[in-house]
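For the sequence shown, position 145 matches number 473 in this note's numbering, and the numbering has no gaps at all. The C-beta atom is built at its ideal place from N, Cα and C for all residues, glycine as well. Below: one structure, written as structure tokens.
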Amino acid sequence: MRIGLLTEGGYPDASGESYAWCDRLVRGLTGHDFEVYALSTDARQEARPRPELPDHVSLVHRAPLWGDFPAGHRRAAEERKGRTPGRRARRRFAERFGDLVTAFATVPAGSGPAGGAPHGGAPTGDPPSGPDSAPDTPVTRKADRFAAGLYGLAELAREHCGLPAMLRSEGAVRILEAVCHGPRALPAAQGAQVNDLLAVTDRLELALRPLSLDWYGDRHTPGLGGVDLCHATSGGAAALPGLLAKRFFGTPLLVTEYGVRLREHYLARAASPLSVPVRALLAAFQGTLAAETYAQAALITPGNTHARRWQERCGADRARLRTVYPGMDAAPFAAVADAAADDSKTLVWVGTVEPAKDLIALLHAFAEVRKAEPAATLRIIGGPGRDPRAPGYLAHCRVLAAQLFPDEAADARTVGENPVSFEEIGSPEVPALEDAYASGAVVVLSSVIEGFPRSLVEAMFCGRATVSTDAGAVCEVIGGTGLVVPPRNPRALAEACAALLADPDRRARLGAAARARALELFTVEQNVAAFRGIYLELISRAPARPAVCRTRDAHGVPRPFARPAESHVPGRWAATGTAARAAAVPAGRTPSWAAGEAGRPAAVPVAAEARTETGGGDVVRERGQAVRRDGTAGNPAWPARGREQW
Numbered sequence: 329m330r331i332g333l334l335t336e337g338g339y340p341d342a343s344g345e346s347y348a349w350c351d352r353l354v355r356g357l358t359g360h361d362f363e364v365y366a367l368s369t370d371a372r373q374e375a376r377p378r379p380e381l382p383d384h385v386s387l388v389h390r391a392p393l394w395g396d397f398p399a400g401h402r403r404a405a406e407e408r409k410g411r412t413p414g415r416r417a418r419r420r421f422a423e424r425f426g427d428l429v430t431a432f433a434t435v436p437a438g439s440g441p442a443g444g445a446p447h448g449g450a451p452t453g454d455p456p457s458g459p460d461s462a463p464d465t466p467v468t469r470k471a472d473r474f475a476a477g478l479y480g481l482a483e484l485a486r487e488h489c490g491l492p493a494m495l496r497s498e499g500a501v502r503i504l505e506a507v508c509h510g511p512r513a514l515p516a517a518q519g520a521q522v523n524d525l526l527a528v529t530d531r532l533e534l535a536l537r538p539l540s541l542d543w544y545g546d547r548h549t550p551g552l553g554g555v556d557l558c559h560a561t562s563g564g565a566a567a568l569p570g571l572l573a574k575r576f577f578g579t580p581l582l583v584t585e586y587g588v589r590l591r592e593h594y595l596a597r598a599a600s601p602l603s604v605p606v607r608a609l610l611a612a613f614q615g616t617l618a619a620e621t622y623a624q625a626a627l628i629t630p631g632n633t634h635a636r637r638w639q640e641r642c643g644a645d646r647a648r649l650r651t652v653y654p655g656m657d658a659a660p661f662a663a664v665a666d667a668a669a670d671d672s673k674t675l676v677w678v679g680t681v682e683p684a685k686d687l688i689a690l691l692h693a694f695a696e697v698r699k700a701e702p703a704a705t706l707r708i709i710g711g712p713g714r715d716p717r718a719p720g721y722l723a724h725c726r727v728l729a730a731q732l733f734p735d736e737a738a739d740a741r742t743v744g745e746n747p748v749s750f751e752e753i754g755s756p757e758v759p760a761l762e763d764a765y766a767s768g769a770v771v772v773l774s775s776v777i778e779g780f781p782r783s784l785v786e787a788m789f790c791g792r793a794t795v796s797t798d799a800g801a802v803c804e805v806i807g808g809t810g811l812v813v814p815p816r817n818p819r820a821l822a823e824a825c826a827a828l829l830a831d832p833d834r835r836a837r838l839g840a841a842a843r844a845r846a847l848e849l850f851t852v853e854q855n856v857a858a859f860r861g862i863y864l865e866l867i868s869r870a871p872a873r874p875a876v877c878r879t880r881d882a883h884g885v886p887r888p889f890a891r892p893a894e895s896h897v898p899g900r901w902a903a904t905g906t907a908a909r910a911a912a913v914p915a916g917r918t919p920s921w922a923a924g925e926a927g928r929p930a931a932v933p934v935a936a937e938a939r940t941e942t943g944g945g946d947v948v949r950e951r952g953q954a955v956r957r958d959g960t961a962g963n964p965a966w967p968a969r970g971r972e973q974w
């Protein structure tokens with residue numbers, strides 16, 4: 329089958345875990361054809377060298393979510409649509425953009441002062457739309473209005489090439505201003521100034537840019553109209569093309585979130601220099617978009633229970649949630665031996681250094697560990713993260729470590745050493761990631777904010793006992809194979825570390841159990857097998873094939889088995905609509921299995937029939953000779969009133 333893989337800021341150009349997960353998935357599912365629709369988030373991603381992709385990745389479409397609207401897409405839009413929007417199109421834009429803004433920037437009437445939405449974002453509780461939602465509630469009315477605005481703008485973008493300019497126009501600013509200064513506006517947005525409104529419209533144009541891309545089919549290429557399934561690797565902008573493909577073509581949408589996009593948006597905006605009204609409006613838009621995405625997705629696959637709780641809070645239907653753990657490559661860690669029951673006293677921390685990792689609490693906890701285990705050492709392995717505060721935070725941690733642990737020496741002639749070291753992967757001391765875990769007796773995680781703890785899984789692959797704080801999906805990953813303490817509690821963290829350092833046998837038992845658990849739940853093989861089954865399940869629910877089937881690859885070479893065999897077999901069961909009416913079974917011949925005794929034809933229904941839709945209803949006519957119960961031929965012109973009359 330053909331899979332449309334929708335990505336944002338990751339595969340196939342960026343590095344990092346998002347790229348690695350998608351690459352492992354695509355290479356593992358060699359039986360499917362992939363078309364990649366990638367949204368880049370910055371110029372650095374665009375400048376990266378193009379990676380070599382597997383042969384079954386037939387097409388890669390790229391578009392930026394930064395800067396001006398790309399000239400190549402603009403030229404394609406002008407060639408395809410041929411004219412700029414006129415007065416009628418601008419009137420349609422005002423109506424639909426007004427619906428969109430009113431849906432996310434106002435509090436629904438009758439929903440209370442908070443609007444039933446956290447941070448002005450998505451509503452909580454039951455799904456906001458869909459067959460199981462309430463028929464008429466403030467939440468459903470808000471969701472319906474948002475959908476009307478979103479898909480109305482998408483329809484406008486299919487007909488005209490000027491949507492990006494209209495989203496940044498003075499008219500859009502005036503519409504947003506009227507809503508923000510209206511009676512039901514979000515409290516945080518009521519004080520929005522002109523510069524705030526301009527900032528919001530600029531960012532809305534970037535967020536809604538997928539509506540204007542040439543990814544939805546024309547006379548040259550089918551785009552997403554030619555795929556069997558859309559798989560969005562995150563929410564937010566990456567899911568927008570999938571929403572439009574479902575709207576325009578009925579293509580089922582699968583949404584996978586290993587880090588909830590809405591949560592990432594909240595964390596990023598909290599540290600941004602944007603004003604309060606801008607942050608509130610953008611958070612409300614992202615929350616309402618997340619609710620619409622979850623409502624329209626055929627299936628949602630969170631990577632852990634922590635992400636699942638976020639999705640449920642944003643309106644996802646529990647019946648369409650299925651946890652699929654991210655697959656990680658265990659091969660590099662297979663050579664690491666199990667932890668030995670020896671007297672090693674080394675604690676290891678591995679990750680990116682940033683405030684959310686709370687290394688300050690870890691250093692204070694290690695000071696308590698040293699009181700119980702004077703020979704203990706701590707290795708902090710990793711560089712600064714993407715947080716703008718990360719370099720300064722790393723420098724602060726180095727200063728604190730020097731203050732808490734002065735260099736120590738055995739005598740006056742020995743060079744002093746610090747029990748705390750800061751190192752990076754690739755240095756002579758730590759040439760590879762697996763060497764970092766192999767050097768420690770206990771692996772420590774001290775985070776206060778965490779999603780899926782990859783470093784813990786890597787430590788489990790290496791058979792190491794772990795001490796972790798209860799953040800994100802830590803408890804779900806660890807199970808009973810490690811110690812978990814409350815975050816921001818250095819004393820509890822120190823007691824757990826000291827207990828494992830003092831008990832080598834317990835460390836060995838926990839490490840062996842951790843390795844077995846990781847190999848059972850978190851490998852690439854289980855992840856690929858899960859998605860292989862999900863793809864087949866979703867396609868079985870939507871068996872209709874797209875109108876366009878590519879029988880040749882990008883180089884013009886015929887693709888074997890591109891068209892399924894049943895498409896060549898005549899009959900109503902092999903096709904639908906016009907194709908079914910055109911596929912007529914030859915008349916005048918009774919099959920051998922239908923013949924009665926002495927060669928007389930048995931009483932059978934009409935040999936073939938076709939339905940012709942008229943204004944009043946369906947009229948069924950026979951194509952072939954009718955047969956009465958006595959076996960004599962009937963008049964083929966007689967109308968068939970029902971199959972039971974013969």
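Item                                                                                                              : Value
Assigned secondary structure, residue 709 (DSSP; H/G/I helix, E/B strand, else coil)                              : strand
Separation of residue 725 from residue 710, as counted between CA atoms                                           : 13 Å
Cβ-Cβ distance between residue 432 and residue 616 below 8 Å                                                      : yes
For residue 799 and residue 1053, the rounded distance between their alpha carbons                                : As shown, the chain starts at 329 and ends at 974. That puts residue 1053 outside it, with no answer to give.
6 Å CB neighbourhood of residue 824 in its chain, flanking five on each side removed                              : 795, 811, 813
Whole-angstrom distance between residue 568 and residue 428, CA atom to CA atom                                   : 14 Å
Cβ-Cβ distance between residue 647 and residue 622 below 8 Å                                                      : no
Pick from 373, 351, 352, 332 that is closest to residue 361, judged by C-alpha positions                          : 332
Status (buried if at least 16 other CB within 10 Å, exposed otherwise) for residue 487                            : exposed
Runs of beta strand (DSSP E) lying entirely within the segment 660–702, each at least 3 residues, in chain order  : 674–678
Residue 493 versus 564, 417, 469, 549, residue with shortest Cα-Cα distance                                       : 417
Three-pair Cβ contact test at 8 Å for the segment 592–604 versus the segment 380–400                              : no
Cβ distance (whole Å) where residue 508 is taken to contact residue 527 below 8 Å                                 : Their Cβ separation, rounded to whole angstroms, is 13 Å, which puts residue 508 and residue 527 out of contact at 8 Å.
Status (buried if at least 16 other CB within 10 Å, exposed otherwise) for residue 699                            : exposed
Test item: CB-CB of residue 755 and residue 708 under 8 Å                                                         : no
With 16 other Cβ atoms within 10 Å as the buried cut-off, status of residue 336                                   : buried
Helix, strand or coil at residue 953 according to DSSP, with G and I counted as helix                             : Note that residue 953 scores a pLDDT of 44, beneath 50, so its modelled location is shaky and nothing firm can be said.
Own chain, CB closer than 7 Å to residue 767, minus 5 neighbours either side, in chain order                      : 674, 676, 707
Buried versus exposed call for residue 394 [16 or more other C-beta atoms within 10 Å across all chains shown]    : exposed
Given 8 Å, three or more beta-carbon pairs between the segment 652–667 and the segment 814–823                    : no
Environment of residue 815 [buried if 16+ CB atoms lie within 10 Å]                                               : buried
DSSP state of residue 367 mapped onto helix, strand, coil                                                         : strand
Residue 512 in three-state terms, based on DSSP                                                                   : coil
Closest Cα partner of residue 808 within the set 476, 498, 793                                                    : 793
Residue 580, buried or exposed, once every other Cβ within 10 Å from all chains shown has been counted against 16 : buried
Counted within 10 angstroms of its Cβ, other Cβ atoms place residue 975 as buried (16 or more) or exposed         : The requested residue 975 is not part of the displayed model; the chain covers only 329 to 974.
Nearest residue (CA-CA) to residue 661, options 688, 761, 574, 609                                                : 761
Distance CB(residue 529)-CB(residue 500) smaller than 8 Å                                                         : yes
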